[in-house]
Amino acid sequence: MTKNDFHGQLNNSLPPVYIGVPQWQHQRWPADWFNDASARKNMLGHYAKQMNSVEGNTTFYSLPSPETVQRWIELTPADFRFNFKVHQTITHSGALDPFHPDIEKQLALLAPLGDKLGMLMLQFPASIGPQSLPAMAEILAQFPQDVAMGVEVRHPAFFGKGDAEQQFNRLLIERQVNRVIMDTRGLFANPPLDELTAEVQSKKPKLPVNVIATGMHPVVRFVGGTDDAANTRCLQPWISKCHQWRQEGRAPYMFFHKPENGDAPWLAAEFIETYNAHYPQAALPQLSFAPPAAEQTCLF
């Protein structure tokens, strides 16, 4: 396994950890991450050499063309995994419609990905609460059993340790659907110091981090802030939890966010380095970054 061959980790006796960020392209990455100016012409290909998964949020807003899906297939290795959100018409259009035609449409468009379709994620807004559990169950029933599913909820009742959360978790366990865990503690560790962080804080939920694996692919969406020490502190519990899941035979997904997502790969790298320090026998491939620009030597 080479230093940054993320796909070589499949040689490990434990299940893989799928690690990624919420996008596969950023204007800074060719220079700061990939160390290759030509990467601008093939950002996904360069990204997929370093990461083995991506949290695809674009499908929440619009569905890709068949030609785009084919290009994704061609640019990624066989064990790369795309995790896509289900389109917002399914989850954010008021009353939930289990038979919405966009379900079948999205499934048909993404079907050519085959095994590269790691998971489809349903993200329900805070307005969808316990009264919608029967509709959630009907929606989940529309997806084939061979398509891994994740569900993220934001209604406070699903985080209260009461009957509503127990019923929700039971639904997911019975169907082997993964509960998506969103950890925004790093983001909210301090008041915002800039407009971007303030904007991100206004959009992200501030909810308890209830940790549970309801399926074979636990999903963690870790949203860090601008305080590196706080991010490190909040990352620590996920090191042992991720290893525990692997020991249980689960293959978790770990997705890393920052207010400026161009910085997210460095947060992922910190997770990997810390994990490897704790569990060298089950080490994950490290990311490789461009060396810092050398300071110019003063000649006079």
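Here the sequence shown is numbered in numbering that gives the first Met the number 0, starting from 0 and rising by one per residue.
C-beta atoms are modelled at their ideal positions from N, C-alpha and C, and glycine is treated no differently.
As the structure is a computational prediction, the values presented were derived from the model and not from experiment.
Distance between beta carbons of residue j and residue i, contact taken as under 8 angstroms
i	j	result
Asn51	Asp78	6 angstroms
Asp244	Pro217	The question names Asp, but residue 244 in the sequence shown is Trp. The Cβ separation is near 6 angstroms, so the contact holds.
Pro15	Ala250	5 angstroms
Thr231	Pro204	Incorrect: roughly 22 angstroms between the Cβ atoms, too far for contact.
Leu62	Lys104	7 angstroms
Beta-carbon gap between residue i and residue j smaller than 9 angstroms
i	j	result
Gly44	Leu13	no
Leu109	Val150	no
Gln26	Gly261	yes
Phe157	Leu106	no
Ile72	Ile102	no
Tyr252	Ile18	yes
Assigned secondary structure, residue i (DSSP; H/G/I helix, E/B strand, else coil)
i	result
Ser64	coil
His256	strand
Lys205	coil
Tyr17	strand
Ile127	coil
Same chain only: Cβ atoms within 6 angstroms of residue i, ignoring 5 sequence neighbours per side
i	result
Phe255	Val20, Phe221, Ala263, Leu266 and Ala267
Leu234	Phe270
Ile172	Thr213
Leu298	Low confidence applies here, because Leu298 scores a pLDDT of 39, under 50, leaving its location unreliable; read the following figure in that light. Same-chain partners within the cutoff: there are none.
Phe167	Phe157
Phe59	Lys84 and Gln87
Leu206	Phe158
Residues of its chain near residue i, where Cβ-Cβ distance is below 7 angstroms and the 5 sequence neighbours each way are ignored
i	result
Glu66	none
Pro111	Val68, Gln69 and Ile72
Trp23	Met42, Leu43, Tyr46 and Val53
Own chain residues within Cβ distance below 8 angstroms of residue i, not counting five before or after
i	result
Gly248	Pro14 and Met215
Query raised in the report: For the stretch 19-38 against the stretch 273-293, are there 3 or more C-beta pairs whose distance is under 8 angstroms?
Result: yes
**Report entry** Three CB pairs or more closer than 8 angstroms across the stretch 139-153 and the stretch 177-187
**Finding:** yes
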